[in-house]
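Asker:
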Amino acid sequence: MNRFHFILLARESCSDCHFHATCEEHGDLHRCICQDGFVGNGTNCSDIDECSTHELNHCHSLATCINHQGNYSCLCPKGYEGDGYHCKAMINFAEECVRLNGSRSCLDPCMTHTVLDQPWRSMSYGPGSNCDQDKIGWYRFIGRGGRRMPETCVPVNKCNTAATLWLNGAHPTNDNEIVSRTACADWNSNCCYWSITVQVKACPGGYYVYKFDGTPSCYLTYCTDPKFIEDPCPPCRTEEECRLVEGKWGCYHSQEPGILSLEPELECGATEIKVSVEKDILNEMGFQNVVMYLKDYKCAGFEEKKNKTMISVVTPTQAGQCGTQLMKNETHVIYSNTLYLADRSIIRENEIKINFDCSYPLDMEISLETAVQPIVSSVNISVGGAGEFIIKMALYRDLNYTSPYEGLKAILSTEAYLYVGVMITSGDTAQFVLQMENCFATPTENSSDPLKYYIIQNSCPNTQDSTITMPENGVGPQAKFSLQVFKFVGNHNLVYLHCEIQLCDTRTKACKPSCPRVGNRRAANVDTGYALHLGPIARKVITTNKKDVKVREREPVYETNSCKNCKRKRKGKNPTSL
Numbered sequence: 001m002n003r004f005h006f007i008l009l010a011r012e013s014c015s016d017c018h019f020h021a022t023c024e025e026h027g028d029l030h031r032c033i034c035q036d037g038f039v040g041n042g043t044n045c046s047d048i049d050e051c052s053t054h055e056l057n058h059c060h061s062l063a064t065c066i067n068h069q070g071n072y073s074c075l076c077p078k079g080y081e082g083d084g085y086h087c088k089a090m091i092n093f094a095e096e097c098v099r100l101n102g103s104r105s106c107l108d109p110c111m112t113h114t115v116l117d118q119p120w121r122s123m124s125y126g127p128g129s130n131c132d133q134d135k136i137g138w139y140r141f142i143g144r145g146g147r148r149m150p151e152t153c154v155p156v157n158k159c160n161t162a163a164t165l166w167l168n169g170a171h172p173t174n175d176n177e178i179v180s181r182t183a184c185a186d187w188n189s190n191c192c193y194w195s196i197t198v199q200v201k202a203c204p205g206g207y208y209v210y211k212f213d214g215t216p217s218c219y220l221t222y223c224t225d226p227k228f229i230e231d232p233c234p235p236c237r238t239e240e241e242c243r244l245v246e247g248k249w250g251c252y253h254s255q256e257p258g259i260l261s262l263e264p265e266l267e268c269g270a271t272e273i274k275v276s277v278e279k280d281i282l283n284e285m286g287f288q289n290v291v292m293y294l295k296d297y298k299c300a301g302f303e304e305k306k307n308k309t310m311i312s313v314v315t316p317t318q319a320g321q322c323g324t325q326l327m328k329n330e331t332h333v334i335y336s337n338t339l340y341l342a343d344r345s346i347i348r349e350n351e352i353k354i355n356f357d358c359s360y361p362l363d364m365e366i367s368l369e370t371a372v373q374p375i376v377s378s379v380n381i382s383v384g385g386a387g388e389f390i391i392k393m394a395l396y397r398d399l400n401y402t403s404p405y406e407g408l409k410a411i412l413s414t415e416a417y418l419y420v421g422v423m424i425t426s427g428d429t430a431q432f433v434l435q436m437e438n439c440f441a442t443p444t445e446n447s448s449d450p451l452k453y454y455i456i457q458n459s460c461p462n463t464q465d466s467t468i469t470m471p472e473n474g475v476g477p478q479a480k481f482s483l484q485v486f487k488f489v490g491n492h493n494l495v496y497l498h499c500e501i502q503l504c505d506t507r508t509k510a511c512k513p514s515c516p517r518v519g520n521r522r523a524a525n526v527d528t529g530y531a532l533h534l535g536p537i538a539r540k541v542i543t544t545n546k547k548d549v550k551v552r553e554r555e556p557v558y559e560t561n562s563c564k565n566c567k568r569k570r571k572g573k574n575p576t577s578l
């Protein structure tokens, strides 16, 4: 990586070369070249810290990078195996670990995943131009397209794409088991012309979740098998649950019979969830010295007096706390946990487990709080006499502002729309509303970059850009705008967003902006003092794993394959020639 850092010296000796440099003779001269893993001019070489940034090392995203003199090593996290460059979950490891603010957080992908319900993912569907290059993370298939991926080769021009990805291997055979498999795509009569590694987990409840890492090319799509549409288990009784045991789904007892006589009280609050059981009922069941706790046994029960004596236990409304797990779909987030009841502090037989969950409708703020690694910016504002406020800005995928972008950057095609939400997450929203004054884009993260594109000026959208909408601003604790993705002219492939905001006191002035209908040409007021910054937003580049060549986006691809005498019109190019 540093072979071009050297100087030519007189040939008298190589003693002036650094200890970590190599001396090469050239006639009467010699040159000192720093060895791999070091940088400098040859007479001075310093170690490169490959662990300082992800661009300098090839460690797995979950592995720990360890810097050494001249090189580095990678260590897989607990529960994963591999050399650090490739880490895979061990069998029956039930959680997925991700990095959050420099530390690892482990969540169950059976509870935290994205749902894919498009019927065109079925292998019975015809050709199209869908590309799953942006599908990164854990996903679950539902709906009439199928609940799982096919395990046999799928021909080209199926599943609304050109080349379809199928699972080259069997699904896991036991509940909570995670396996690594190769997803293959057929092309040129080769069933595995393209390939990429995926992880598959069998989840209690009769379904699988898949960890995808995009696709090796476009246009490729993760396909579903229409034979697997119905639930794999017959309707289970109340005390049973659908589980996978030795390769077969079936209904198995999930709770002790005595649980049916219990009627726990469940309070689903915004910040905490409380489950309570009447003490007299527990005494009647033989529990004289009640021990009650959640999945994390440190979250234990306590006695409280209401109109009755209750034994209660509380968990914060937050994934990972007290063993609480999170599941999301397109409309709700669901927090679930298990309540354990035992008599005294040791357990032999008389233990009861009660599964419970609380469901909350998704909104802009809740979806952000429950995202694993959202792209978010925040600022603290102190208002004299009114206290402290926290303002956050985030990028969303959908017009409902309930699906935040996650990861280090958002990658979109220039045809896609970006939805930006700004919100007060802490503070007195009865007195103040949030107002976006100026929002603009730059090709660098420097908000003072002279190259700017204004999206909002003086609280009003730039009406010369017909793709910009501003559904909310200056009327409540949230503000929103959306626009079609773009790139700056020239050698600029990244876009950064900046929003200057203020808290508007509704008691002293009108906060809702009065915007002109056309030609918003007023000069922007940039002296607000509070700004939020997001990015980068990267323009999607489509490549193949055969040639690293850019191709036009959204160009449909069709394959003539072995039909030599067909005169079917082809729109676009064969992916092998891209």
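First residue of the sequence shown: 1, per full-length UniProt numbering; consecutive thereafter. Quick reminder that beta carbons are idealized off the backbone N, C-alpha and C, glycines included.
(1) Does DSSP put A524 in a helix, in a strand, or in coil?
(2) Could you check which residue in R147, E241, Y297, L532 has the C-alpha nearest to that of T421?
(3) Would you call the region 349 to 364 and the region 328 to 341 in contact, with 3 or more CB pairs under 8 angstroms?
(4) Run through the DSSP bridge pairs and tell me what L334 is partnered with.
(5) Comparing alpha-carbon positions, which option in E472, A386, P450 lies nearest F432?
(6) From the DSSP output, which residues share a beta bridge with D213?
(7) Sort out for me which residues DSSP pairs S382 with in a bridge.
(8) Any idea what DSSP makes of H498, helix, strand or coil?
(9) From the DSSP output, which residues share a beta bridge with C203?
(10) Distance cutoff 8 angstroms, beta carbons only. Does D47 sit that close to anything in chain D?
(11) What number of angstroms, rounded off, separates the C-alpha of L497 from the C-alpha of Y454?
(12) Can you tell me the Cβ-Cβ gap for I391 and I375, rounded? I've got them flagged as a contact below 8 angstroms.
(13) Can the beta-carbon of L483 be found less than 8 angstroms from the beta-carbon of Y417?
(14) In whole angstroms, what separates the C-alpha of F481 from that of P109?
(15) Can you tell me whether R397 is buried or exposed, with buried defined as 16 or more other CB within 10 angstroms of its CB?
(16) So, at 6 angstroms on beta carbons, what are the nonlocal neighbours of H20 in its own chain, with the 5 sequence-adjacent residues on each side left out?
(17) By the three-class DSSP mapping on this structure, what secondary structure does S15 have?
(18) Are D117 and I136 touching if we call contact CB-CB under 8 angstroms?
(19) With a CB to CB cut of under 7 angstroms and the five nearest residues on each side skipped, what residues in its chain are close to G102?
(20) Looking at the unbroken alpha helix (DSSP H) that takes in K452, where does it start and where does it end?
(21) How big is the Cα-Cα spacing for W120 and R148?
(22) Which value, in whole angstroms, describes the spacing of the CA atoms of A510 and Q318?
(23) Report the residue from D449, N491, I424 whose alpha carbon sits nearest the alpha carbon of C504.
(24) Since residue 579 is in the beta strand (DSSP E), which residue starts that stretch and which ends it?
Answerer: The relevant details are as follows:
(1) The pLDDT assigned to A524 is 38, lower than 50, so where the model puts this residue is not dependable; a value taken from the coordinates is nonetheless given after this. Correct three-state label for A524: coil.
(2) Sequence check: residue 421 is Gly here, not Thr. Nearest option by C-alpha distance: L532.
(3) yes
(4) The sequence given here places Ile at residue 334; Leu does not occur at that position. Paired residues: M327, S359.
(5) A386
(6) I136
(7) E388
(8) strand
(9) Y207
(10) Annotation note: the requested chain D is absent from the structure, which comprises a single protein chain.
(11) 10 angstroms
(12) Not confirmed; about 16 angstroms, so no contact.
(13) yes
(14) 31 angstroms
(15) buried
(16) Q35, F38, C45
(17) coil
(18) no
(19) In this prediction, G102 scores a pLDDT of 45, lower than 50, which makes its location untrustworthy; no coordinate-derived value is stated.
(20) Unbroken run through K452: none, as it is neither H nor E.
(21) 14 angstroms
(22) 37 angstroms
(23) I424
(24) Outside the shown range of the chain (1 to 578) lies residue 579, about which nothing can therefore be said.
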